[in-house]
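Asker: Residue numbers (the UniProt record's numbering): 1 to 259.
Every residue gets a Cβ at the ideal spot worked out from N, C-alpha and C, and that includes glycine.
What you are looking at is a predicted structure, and each value in this text was computed from that prediction instead of being measured.
Can you read through this structure? Questions will come right after.
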């Protein structure tokens, strides 16, 4: 309990200080471009606690969830194949490096022409952008698997699928989870950008609409909502990571005690 309280205070210390500075800097100001924290909280409640949440926020969350899920499937599947095969690695590495250098937002106009303006285009952008951290970390994790352990399980007669399931995938999982963590922030950025270009719903669309209609407090409330969504996703991922890498955390604790 004491550790949890200390962690909570450490996490809230900087946001509280920043809000206090914000409150002091905007107190008595009449600028319409930077609202006071108290008025922003009221605007936030008025805008996002009504039907706007289901109409504008939920479509963004669904696109983000589907896009992240697709990127995880593609990234891990392709990463396991490329990382475990020297032939595939030599064949695909130049192509992967070429496409990795292309920013995902640049592909939005191309995908708009090829796929259209619907959710498929936005989800494809998220998959393309979020796939790379997962793919590259998976390849590195597979290649870093101990060769002695691989030869040992092979000598015991493990099938290829069994080796992947019980050795290669668990050994690569810490790096895979690192890639997924990096993809979370990329996914939020891409879902907002794709909705700013071509959409009639979504959080990115609504923020741009507020900006174009000079509803500045409402625009700021959308930005704050994006930050809260990112914070919530990071917290949920941390809990999932603790469960998935429970064995890895235990191993590190044993090694630290031994050291």
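1. Any contact of the region 148 to 161 with the region 177 to 184, i.e. 3+ C-beta pairs under 8 Å?
2. Please tell me whether residue 9 has its Cβ less than 7 Å away from any Cβ of chain D.
3. With distances taken from CA atoms, which of 210, 126, 136 is nearest residue 186?
4. Among 196, 188, 138, 122, which one has its Cα closest to the Cα of residue 231?
5. Pick helix, strand or coil for residue 198, following the three-state DSSP scheme.
6. Give the single residue among 212, 219, 177, 241 whose Cα lies nearest to the Cα of residue 73.
7. Would you mind reading off the limits of the alpha helix (DSSP H) that contains residue 217?
8. Return the first residue and the last residue of the alpha helix (DSSP H) that residue 203 is part of.
9. Label residue 83 either buried or exposed according to how many other C-beta atoms from any shown protein chain fall within 10 Å of its C-beta, with 16 as the threshold for buried.
10. Please classify residue 82: does DSSP put it in a helix, a strand, or coil?
11. Considering only residues of the region 111 to 159, which uninterrupted alpha helix (DSSP H) runs meet the minimum length of 4 residues and lie entirely inside it, listed in chain order?
12. Does the region 208 to 227 come close enough to the region 24 to 38 that 3 or more CB-CB pairs lie under 8 Å?
13. Taking its Cβ as the centre, do 16 or more other Cβ atoms sit within 10 Å of residue 222, making it buried, or is it exposed?
14. Can you give me the Cβ contacts of residue 224 inside the same chain, cut-off strictly under 8 Å, excluding the 5 residues immediately before and after it?
15. For residue 191, which option in 64, 19, 46 has the closest C-alpha, if you only look at C-alpha atoms?
16. Check whether the Cβ atoms of residue 138 and residue 76 sit closer than 7 Å, and answer yes or no.
17. Comparing C-alpha positions only, which one of 172, 166, 15 sits nearest to residue 135?
18. From residue 28 to residue 22, what does the alpha carbon distance come to, in whole angstroms?
19. Of the choices 133, 71, 111, 91, whose alpha-carbon is the least far from that of residue 100?
20. So, is residue 175 buried or exposed, given that buried needs 16 or more other C-beta atoms within 10 angstroms?
21. Between the Cα of residue 289 and the Cα atoms of 165, 198, 202, which residue gives the shortest distance?
Answerer: On the basis of the supplied data:
1. no
2. Here there is only one protein chain, and chain D is not present.
3. Translated into positions along the chain shown, residue 186 becomes position 186. It is 126 whose Cα lies nearest to the Cα of residue 186.
4. Here the question's residue 231 lines up with position 231 in the chain shown. Of the listed residues, the one whose Cα sits closest to residue 231 is 188.
5. Counting from one through the chain shown, the residue named residue 198 turns up at place 198. Coil.
6. Indexing the chain shown from 1 puts residue 73 at position 73. Out of 212, 219, 177, 241, 177 has the C-alpha closest to the C-alpha of residue 73.
7. For this step, residue 217 is matched to residue 217 along the chain shown. Taken as a continuous stretch (DSSP letters only), the alpha helix (DSSP H) holding residue 217 covers 216 to 244.
8. Along the chain shown, read from residue 1 onward, the residue named residue 203 stands at position 203. 203 to 212 is the span of the alpha helix (DSSP H), which, as asked, contains residue 203.
9. Translated into the one-based positions of the chain shown, residue 83 becomes position 83. By the 10 Å Cβ count, residue 83 comes out buried.
10. Taking the first residue of the chain shown as 1, we reach residue 82 at position 82. In this structure, residue 82 counts as helix in the three-state DSSP scheme.
11. 119 to 143, 147 to 155
12. yes
13. Your numbering for residue 222 matches position 222 in the chain shown. So residue 222 ends up on the buried side.
14. Taking the first residue of the chain shown as 1, we reach residue 224 at position 224. So the qualifying residues of the chain are 40, 44.
15. Counting from one through the chain shown, the residue named residue 191 turns up at place 191. That would be 64, whose Cα lies nearest to the Cα of residue 191.
16. One-based indexing of the chain shown puts residue 138 at position 138. One-based indexing of the chain shown puts residue 76 at position 76. Yes.
17. Stepping through the chain shown from its first residue, residue 135 is reached at position 135. Nearest of 172, 166, 15 to residue 135, Cα basis: 172.
18. One-based indexing of the chain shown puts residue 28 at position 28. One-based indexing of the chain shown puts residue 22 at position 22. So the alpha carbons of these two residues sit roughly 12 Å apart.
19. Counting from 1 along the chain shown, the entry for residue 100 is found at position 100. Among 133, 71, 111, 91, the Cα nearest to that of residue 100 belongs to 133.
20. Numbered from its first residue, the chain shown carries residue 175 at position 175. By the 10 Å Cβ count, residue 175 comes out buried.
21. With the chain covering only 1 through 259, there is no way to say anything about residue 289.
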